[in-house]
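Here is the structure we will look at, set down as structure tokens.
In the numbering used here, the protein residues as written are 132 to 672.
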């Protein structure tokens, strides 16, 4: 099953792993601020530029010695060969015997020879649809031009395009109105189409298998809405399909010329760069979509060609592994200080947790260490008024990524936003000692006994590890670099752990059981709680 890949090397059996365990014990008892005091060059040694991105990882609980051992681990498990296997089209998705060549959609890798003609034709048709949409040449059932669009998809068919559209909409006004429906909940559809004219609405239906229950349910809602509003069932002109299963799409009423091919070697959560990214081009134009791809392609080239020591996705991947495996940090908060990146935490949740939330390795053995961290977050400064209290004085262990886009020019509001991000990272590192608290309370004129009573409640332990990722400029291209950097970091961790970051077998079980419930099948195999809840649901009218 994995003949095209370098042999699997269990990381915990390498000398570097043993060295890292010993270093982790030291860092678990060490304050990061002491490391700054001991090494004047720490910031430079633990910062790394790549394209328009600048990573400062000096506030993490590591140092150059830890990084050196992590790099030794990466070489021991043959990560450089794994990176080359990824780009060469080897079956890195080894459980499904497929390559993972989403990079090819943005020019960062070669399209497999057997698919080049079909891929080129799809690209031409994709651009033609976008051009026709923007010129007002696409017409609906009544002859009116289609000039706004709704994307029907879920998971990777929703989060990537939705994130990109939201991020770009905070940089410039969209040229066309594009909305998104993902949830099975009917209210998602009804709320999203509110205010739209059916005669002018195009639906893009994205599903790799074209069997996704939520997307097919929303497809039927869209058809029913159009038929009701337009007084006709001849609504095919209002739909485009994006899928790896065109036969299924045709069986559901899509004409071949209304189907865009999604290559099977593009995973759903990596599919923004393919025809699944059509909503981005519909909203902002073909050139902007190409700029997004171009930024990602630059990061592909960086990841493939830079040595491990100066490779940004490798650093991000190794740092995540160090926190999750060696320091036993189970929680990863992602805090983009840009309202346009409000969907970034959700996108990264799927990317990391669906890719690396697994327990079985390439050789069939179970992973003897933690894998994916729990990823969560919110855009800044909103999170400061919601959950940062836990960061300052809570008892849970976690690491944080502050993502701080810096547009050009940087206006006063964006400068203030960035200052908040830097202040949060610095304050979480430094904390506030009991003596500092006492001194501050004395300035308020409090009595000594009141100071002693309040001091423990005001003390902040600090020593919270974080990374800060700055951008030089902020546009579609830089957004592409950012997303691709995190994609490749996810691959780095998956490779070292020996798991397949491109399948998702676990989620199928819940879908199967949902189908059983929907079909009214036997519940004998369910636990008593689920049977009781199903009975209560059946009785509800």
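Ideal placement from N, C-alpha and C gives every residue a C-beta, glycine not left out.
Bear in mind the structure is a predicted one, so any value in this text is a computation, not a measurement.
Distance cut-off 6 angstroms: residue 235 Cβ against heavy atoms of the ligand FAD: Here there are no bound small molecules, and the ligand FAD is not part of this structure.
Collapsed DSSP secondary structure at residue 388 in the structure displayed: helix
Nearest neighbour of residue 515, chosen from 598, 489, 606 and 553 [CA to CA]: 553
Residues sharing a beta bridge with residue 534, DSSP: 467 and 600
Best match in 560, 557 and 582 for proximity to residue 569 [C-alpha to C-alpha]: 582
Cβ neighbours of residue 313 in the same chain (closer than 6 angstroms, five flanking residues each side left out): Excluding sequence neighbours, residue 313 sits near 285 and 289.
Sequence-distant residues of its chain with Cβ nearer than 7 angstroms to residue 527 (five each side left out): 462 and 521
Meets three-Cβ-pair contact criterion under 8 angstroms: the region 483-490 and the region 620-630: yes
The region 396-414 touching the region 572-588, judged by at least three CB pairs closer than 8 angstroms: no
Nearest neighbour of residue 603, chosen from 184, 544 and 238 [CA to CA]: Nearest of 184, 544 and 238 to residue 603, Cα basis: 184.
Where residue 133 sits in the DSSP three-state scheme: Residue placement at residue 133 is poorly supported in this model, since its pLDDT is 48, which falls under 50; the coordinates are not used for a value here.
Close Cβ partners of residue 373 (< 6 angstroms) along its chain, the five nearest in sequence each way excluded: 337, 391, 393, 406 and 407
Bounding residues of the beta strand (DSSP E) (the contiguous stretch that carries residue 153): For residue 153, there is no enclosing beta strand (DSSP E); the residue is part of the alpha helix (DSSP H) that begins and ends at 146-159.
Inter-residue Cα distance where the pair is residue 200 and residue 345: 45 angstroms
Those residues which DSSP pairs with residue 563 across a bridge: 591
Separation of residue 295 from residue 441, as counted between CA atoms: 27 angstroms
DSSP beta-bridge partners of residue 183: Under DSSP, no beta-bridge partner is assigned to residue 183.
7 angstroms Cβ cutoff met for residue 493 and residue 139: yes
Separation of residue 297 from residue 471, as counted between CA atoms: Looking at the two C-alpha atoms, the distance is approximately 5 angstroms.
Rounded C-alpha distance that separates residue 590 from residue 539: 39 angstroms
Beta-carbon proximity of residue 469 to residue 387, cut-off 7 angstroms: no
Meets three-Cβ-pair contact criterion under 8 angstroms: the region 601-615 and the region 170-189: yes
Exposure label - residue 565; buried when at least 16 CB within 10 Å: Flag for residue 565 reads exposed.
Cβ contact check for the region 418-430 and the region 447-464: 3 or more pairs under 8 angstroms: No: fewer than three Cβ pairs fall under 8 angstroms.
Length of the line joining the Cα atoms of residue 343 and residue 149: 44 angstroms
Which of helix, strand or coil DSSP assigns to residue 629: coil
Residue 577 to residue 557 span [Cα, whole Å]: 28 angstroms
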